[in-house]
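Enquirer:
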Amino acid sequence: MTKLLLIEPDRMLASIYFDALSAAGCEVIYAAGAQLAILVADQIQPDLIVLELQLIEHSGIEFLYELRSYADWQKVPVIINSVVPPREFNNSYKLLKKELGVVDYLYKPSSTLKTLVAAVNKVSLSKV
Amino acid sequence: MGTQEQTFQILSQELLLVVAEELKLPFMQIARLAEQAELSGQKLNTALIESTADSALKLIDNYILGVRLSLSPERLGLENVSVSSVLYDTREELYSYAKNYGVDLDLNIAGKYGPVSANKKGLEAALVSLGAALIEALPAIGTCQLRLKLATHRSRYGIVAGVYADTKQVSLSALQAGRKLSISSRQPLVNLSHSSGAGIFVADSILKAMNLNLTVSRHDKWYGIATILPLSQQLQLIT
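Quick mapping for you: the protein sequence lines, in order, are chains A and B.
Under numbering that gives the first Met the number 0, think of the first position of the first sequence as 0, with each following residue one higher.
Under numbering that gives the first Met the number 0, think of the first position of the second sequence as 0, with each following residue one higher.
1. Is it buried or exposed, K148(B), if we count other Cβ atoms within 10 angstroms and call 16 or more buried?
2. What residues from the stretch 26-58 of chain A come within 8 Å of chain B, judged by C-beta to C-beta, listed N to C?
3. Return yes when the Cβ of P25(B) is within less than 8 Å of the Cβ of T45(B), no when it is not.
4. Tell me, please, whether the CB atom of R86(A) is closer than 8 Å to any CB atom in chain B?
5. Check whether the stretch 102-113 of chain A and the stretch 32-41 of chain A are in contact - that is, three or more C-beta pairs closer than 8 Å.
6. With DSSP collapsed to three states, give me the class of I15(A).
7. Going by beta carbon distance, what residues of the same chain come within less than 7 Å of R74(B), once the five residues before and after it are set aside?
8. Do P76(A) and L99(A) have their beta-carbon atoms positioned less than 8 Å apart in this structure?
9. For I43(A), which of Y104(A), L20(A), K2(A) has the nearest alpha-carbon?
10. For the stretch 137-157 of chain B, list every residue whose C-beta sits within 8 Å of some C-beta in chain A, in sequence order.
11. To the nearest angstrom, how far is it from the Cα of G196(B) to the Cα of P138(B)?
12. Using 8 Å for Cβ pairs, my map puts Y94(B) next to L104(B). What's the rounded Cβ distance?
13. Y163(B) touches chain A at which residues, Cβ-Cβ below 8 Å?
14. Name the one or two DSSP bridge partners that Y104(A) has.
15. By how many angstroms is the C-alpha of V27(A) removed from the C-alpha of A33(A)?
16. Rounding to the nearest angstrom, what Cα-Cα distance links L133(B) and A33(B) in this structure?
17. Indicate the three-state DSSP secondary structure (helix, strand or coil) for T51(B) in the structure shown.
18. When the cut-off is 8 Å and only beta carbons count, does V119(A) lie next to chain B?
19. At 4 residues or longer, and completely inside the stretch 173-233 of chain B: list those alpha helix (DSSP H) runs for me, N to C.
20. For V49(A), I'd like the list of residues in its chain whose CB is within less than 6 Å of its CB, leaving aside the five on either flank, ordered along the chain.
21. Residues bridged to L106(B) by DSSP?
22. Check whether chain B comes within 8 Å of I6(A), counting only Cβ atoms and requiring the distance to be less than that.
23. Rounded to whole angstroms, what is the Cα-Cα separation between I140(B) and L191(B)?
24. Residues of the stretch 187-220 of chain B with a CB closer than 8 Å to any CB of chain A: list them in chain order, please.
25. Select from D103(A), D18(A), Q53(A) the residue whose C-alpha is nearest the C-alpha of L38(B).
26. Could you round the C-beta distance between G161(B) and I108(B) to whole angstroms and report it? I think they count as a contact, below 8 Å.
27. Under 8 Å between C-beta atoms, does E34(B) make it to chain A?
28. When the Cα atoms are used, what is the spatial distance from D219(B) to I182(B)?
29. Name the chain A residues whose beta carbon is nearer than 8 Å to that of Y100(B)?
30. Going by beta carbon distance, what residues of the same chain come within less than 7 Å of L180(B), once the five residues before and after it are set aside?
31. Looking at V227(B): is its Cβ nearer than 8 Å to the Cβ of L64(B)?
32. Is DSSP giving S84(B) helix, strand or coil here?
33. Report the CB separation of E92(B) from V127(B) in whole angstroms; it is logged as a contact under 8 Å.
34. Any C-beta of chain B within less than 8 Å: which residues of the stretch 71-101 of chain A qualify?
35. Hey, could you find the ends of the alpha helix (DSSP H) Y92(A) is sitting in?
Laid out in structure tokens, this is it:
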């Protein structure tokens, strides 16, 4: 079973994603912010992270830099599921993928639960 | 076009931008709730959808009110307003939205402060916008308890009415910076809201049109955002 850390600041969306990903067979652990997510990641050692970039206080990008600074977490795949459109990254999109280990980028307003579950399943299967 | 009209146009466009950004959230919530019901075969949670849509409609209505009041201050009828009753009505308006987010909404209206001279509809709209923004943000802040207080107290400047939490998330300088950033940043109040914080800026615009200000405030050991309503000396004499 894939151990998935869901980082989502909106409580209502978090609950919907939690149910959909649990139904897809993941063990989902939820954190609303970056600081808590680091603590949770330390405890559960996730196989995969689904991350919103717009968080309160510390952004998702700050979380990614913090995460990748630990040797144990350098290879944990991250799927971004965000209200920030990927076009806003322009040239730094490659950095997200190559340096920060982002395996997929979903623009939240136009991605469905099906899309999210498919992206998670793709990563989970590739790790088997 | 006069300078004043141009300024209002720019202001309303800035505000429209943050409102449009904010409205993505309830639409996403409704769309995903519908999809969830379809995928799981479970009954659609219509109460949740209704309350989410209602809250989005209130934000739109309050945005329109803010712009209309700014354009035509003559619409702004002043009346004797009891701040306690405005806070009571605000709590009623926000109750189901707070429930969706698991947030307890307390009311602290102890103390008799007498009426103030204000526009009741405008004041209530500002407090509802502000409250909705803080309800949405609170679960993401990492506070000990999901509890907000609608409260009033007397200060040396007048009667303070606002929304408070047990955690300090915003300073006056951060609020001022947020106002400036609202046009260029998709998250202008980074310590307070994970979205555009439209409810706060809409409240700000309504209060500005009423010659009031949105400011940071403390109530007992709670921190929050509030407005200060100057006491009317004449009303004090009458009541």
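We treat Cβ as the ideally placed atom computed from N, Cα and C, and that holds for glycine.
Here the structure is a predicted model, which is why all the values come from computation and not from measurement.
Expert: Inspection of the coordinates gives the following:
1. buried
2. A31, G32, Q34, L35, E51, Q53, L54, I55, E56, S58
3. no
4. no
5. no
6. helix
7. R67, L68
8. no
9. K2(A)
10. P138, A139, I140, G141
11. 15 Å
12. 6 Å
13. Simply none; closest approach about 17 Å.
14. I79(A)
15. 16 Å
16. 25 Å
17. helix
18. no
19. 197-208
20. L5, I78, N80
21. L149(B)
22. no
23. 7 Å
24. V189, N190, L191, S192, H193, S194
25. D18(A)
26. Not really, about 12 Å apart at Cβ, beyond 8 Å.
27. yes
28. 34 Å
29. R10, M11
30. P187
31. Checking the displayed sequence, the identity of residue 227(B) turns out to be Ile instead of Val. Cβ distance not < 8 Å, so I227(B) and L64(B) don't count as in contact.
32. helix
33. 5 Å
34. V82, V83
35. 92-97
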